[in-house]
Amino acid sequence: MAVICVTWNVNSLRARLERVGEFLEQVKPDLLLLQETKCSPEQFPHDAIAELGYKAVDVSGGRWCGVAALAPAESDLTILGSGLPGQPNPDEARWIEVQIGDLTAVSVYVPNGREVGTEHFDAKLEFLGVAAQRAAELAVNGRLLIAGDMNVAPRDSDVWDTAALEGSTHVTPSERSALAAVASAGGLVDAHDALLGVDDVQFTWWDYRGGSFHRGFGMRIDHFLISPDIADSLDECTVVRDFRKGEKPSDHVPLLISF
DNA sequence: ATGTCACGCTGGGCGTGA
479 MAVICVTWNV
489 NSLRARLERV
499 GEFLEQVKPD
509 LLLLQETKCS
519 PEQFPHDAIA
529 ELGYKAVDVS
539 GGRWCGVAAL
549 APAESDLTIL
559 GSGLPGQPNP
569 DEARWIEVQI
579 GDLTAVSVYV
589 PNGREVGTEH
599 FDAKLEFLGV
609 AAQRAAELAV
619 NGRLLIAGDM
629 NVAPRDSDVW
639 DTAALEGSTH
649 VTPSERSALA
659 AVASAGGLVD
669 AHDALLGVDD
679 VQFTWWDYRG
689 GSFHRGFGMR
699 IDHFLISPDI
709 ADSLDECTVV
719 RDFRKGEKPS
729 DHVPLLISF
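Position one of the first sequence corresponds to residue 479 (the working numbering), numbered consecutively onward.
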């Protein structure tokens, strides 16, 4: 029986409730990892999620950030940990660890970094460094996946135009090696690379401005890092492009794997 | 690259972050 796991930066869960409901009904994921839920714990829409036959665990920090995991109401989803131990800016809700069946899963929202050379950029690299340490600890549990908005495009082919991003965040060698170190520390592989290879281009984000989606100005910055036993049975890794279209889309698409 | 969104605070537009 195939398991469907999805990661999706929804850019506000309350603003995206209708699209999330549509997604759950259409795709029926076994596990949906969310980022940028943008709500306080009290505002988290547990009732609306229950009406859709799902339940959620969340780490919510108010108007910014916020991560969560949703699974069918009858599942054994539990929260293992809130926050990334040792993360810079510990009040920011960027990391949740959950257990479902024999799978340990993390939903992560890596800091954007804003501008190269700023304290925000340094904090991004530090966050990824701490995430690598945590990945190594979690890997001893067995089946592990770490997924989310990593805010890093691993290769030049993962952005629409390298010249337009010259000197910008998301594409620097230091960010790329920090992300690669998270995977290697946890013994994890990128599901996209494992299934589709490095020449496939599959953007996951397009800016709202300037008609970027229709012009193809996007980046691959959302990723599934999966343990080798999951990679061995991986049969799908795809972006669900329809959710970047229509009424009130997020600026990110859901990224789906099945195994 | 920039033609957008979503939030809180507040009572309509601004500041912030992406």
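Don't be surprised by glycine CBs; every beta carbon is placed ideally from N, CA and C.
Contact annotation: Thr682 and Asp700 have beta-carbon atoms nearer than 8 Å. Asp636 and Phe702 have their C-alpha atoms some 15 Å from each other. Here the alpha carbon of Glu500 sits roughly 20 Å from the alpha carbon of Val535. Counting C-beta pairs closer than 8 Å gives three or more between the segment 515 to 523 and the segment 534 to 552, which meets the contact rule. For the pair of segments examined, the segment 618 to 633 was found to touch the segment 568 to 584: the number of CB pairs separated by less than 8 Å reaches three. One alpha carbon belongs to Arg719, the other to Pro727, and they sit about 10 Å apart. With a cutoff of 8 Å on beta-carbon distance, Val594 and Gly645 are scored as near each other. His692: member of the alpha helix (DSSP H) spanning Ser690 to Arg693, first to last residue. Where Gly607 is concerned, there is no enclosing beta strand (DSSP E), although the alpha helix (DSSP H) around it starts and stops at Glu597 to Ala617. Taken atom to atom, the span from the alpha-carbon of Ser711 to that of Val481 is near 10 Å. Straight across, the Cα-Cα distance linking Ile578 with Pro732 is about 20 Å.
When C-alpha distances from Val618 are compared across Val649, Leu666 and Glu597, the shortest belongs to Leu666. For Gly564, the closest of Ala528, Val537, Gly591 and Gly607 by C-alpha to C-alpha distance is Gly607. Look at Leu673 here: in three-state DSSP terms it is helix. When beta bridges are read from the DSSP output, His730 appears opposite Trp683. Within the DSSP bridge table, the entry for His524 names no partner. Per DSSP, the unbroken beta strand (DSSP E) holding Phe702 starts and ends at Asp700 to Ile704.
Cβ neighbours of Asp508 within its own chain (closer than 6 Å, five residues either side excluded): Val481 and Ile482.
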